[in-house]
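Presented below is the structure to which this report refers.
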Amino acid sequence: MSLARVRYAGIATRALALAVDVAIAQVIVLTGVAVLGLVASLAGEFHLGPTGRVLAAGLWALAVGAYFVTFWSTAGQTPAMRMMDIHVATPTGEIPGIARSIVRLIGLVLAIIPFFAGFLPVLFDDRRRGIHDMLAGTVVEHGDTPGEPPLVSARTP
Numbered sequence: 000m001s002l003a004r005v006r007y008a009g010i011a012t013r014a015l016a017l018a019v020d021v022a023i024a025q026v027i028v029l030t031g032v033a034v035l036g037l038v039a040s041l042a043g044e045f046h047l048g049p050t051g052r053v054l055a056a057g058l059w060a061l062a063v064g065a066y067f068v069t070f071w072s073t074a075g076q077t078p079a080m081r082m083m084d085i086h087v088a089t090p091t092g093e094i095p096g097i098a099r100s101i102v103r104l105i106g107l108v109l110a111i112i113p114f115f116a117g118f119l120p121v122l123f124d125d126r127r128r129g130i131h132d133m134l135a136g137t138v139v140e141h142g143d144t145p146g147e148p149p150l151v152s153a154r155t156p
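Numbers 0 to 156, taken from numbering that gives the first Met the number 0, label the letters of the sequence shown in order.
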């Protein structure tokens, strides 16, 4: 038995982390909306018109986007990424900044739109990057510290 370095996170690990993060972000947004709805109901009858619905959808997108950009640019990982022991890093091993995180978020949306086809390169790319990683110049690695992949046991014949 020897030790082998496993550096880049695969599609299953990343998909699970993304799903959990989206659920966390939705709970945060829905909690805020519930509080605002409660306050609005105490003030009287409240209905959103077409403009209000568009504004609410924009605020939802802003809140969810802020969740991802904030965690990527400050910690290099979201709560679900921490749970899966993966993080986002630049090619030099640093935590991506705000601008790179925003580009990554826009790329993530573009990767999701065509039936998640933007994630297919993860299966073939040598660094397991999706379209969003390619656009932002990032990689998703295993381990707690950017640039320091953990040692894992692997059997050798």
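Quick reminder that beta carbons are idealized off the backbone N, C-alpha and C, glycines included.
In this text, all values refer to a predicted model and were calculated from it rather than measured experimentally.
Using alpha carbons as the reference points, say which of Q25, P95, P78, M82 lies closest to L61. Mapped onto the sequence shown, residue 61 falls at position 62. Minimum Cα distance to L61 is reached at Q25.
Any idea if R52 is buried or exposed, counting beta-carbon neighbours within 10 angstroms, 16 or more meaning buried? Counting from 1 along the sequence shown, the entry for residue 52 is found at position 53. Around the beta carbon of R52, fewer than 16 other beta carbons lie within 10 angstroms, which makes this residue exposed.
If you drop the 5 nearest sequence neighbours on each side, which residues of the same chain put their C-beta closer than 6 Å to that of H131? As a first step, residue 131 is located in the sequence shown; it is residue number 132 there, counting from the start. So the list reads R103, G106, L107, A110, once near-sequence residues are dropped.
Quick one: what does DSSP say I158 is sitting in, helix, strand or coil? Nothing in the structure corresponds to residue 158, since the chain is present only between 0 and 156.
Using 9 Å as the threshold, is the C-beta distance between E140 and Y7 below it? Along the sequence shown, one-based indexing puts residue 140 at 141. Along the sequence shown, one-based indexing puts residue 7 at 8. Closer than 9 Å, so yes.
Thinking C-alpha only, which one of M133, V121, P120 is nearest S100? In the sequence shown, the residue the question calls residue 100 occupies position 101. Of the candidates M133, V121, P120, the one whose C-alpha sits nearest the C-alpha of S100 is M133.
Please report the distance separating the alpha-carbon of S40 from that of A22. Working through the sequence shown from its first residue, we reach residue 40 at position 41. Working through the sequence shown from its first residue, we reach residue 22 at position 23. Roughly 26 Å between the two C-alpha positions.
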